[in-house]
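Working notes for the structure below.
In the working numbering, the protein residues as written are 3 to 124.
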């Protein structure tokens, strides 16, 4: 099954993670990019920094990475992954997700509108 927006099929895992062979050094860079993207999505959709760091560390064994050091701030992720003697580091600025203030202001005003309607008997 291909990934959305991609023609690349999702690889099947041959067995437990412990049985997977070590991945090539070049792919560590791709894994770091994947981790940063996952962390960015979590941050953009409301996860706090501690939750993002914990989630990234939980992904570590599944990717065959020996160690992940992550610093997550409100709009920045600094991540270093280590496997054997290879280290890869990424710093990423996380774009903020826009808020539709019309919907937000309607949500704030809604209780007042309901109360007014109840008072009028609508």
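Where is the CB? At the ideal position from N, CA and C, for every residue including glycine. On a predicted model such as this, the values are computed, not experimentally measured, just so you know.
In the DSSP secondary-structure assignment, residue 73 is bridged to 80. Contact check for residue 96 against residue 45 passes: the beta carbons are separated by less than 8 Å.
Considering only 110, 31, 37, the residue with the shortest C-alpha distance to residue 73 is 37. Straight across, the Cα-Cα distance linking residue 67 with residue 87 is about 11 Å. Around residue 90, the same chain offers 30, 31, 34, 83 as residues with beta carbons nearer than 6 Å, after the five sequence neighbours per side are excluded.
Looking at the backbone, the Cα of residue 61 and that of residue 99 are separated by about 24 Å.
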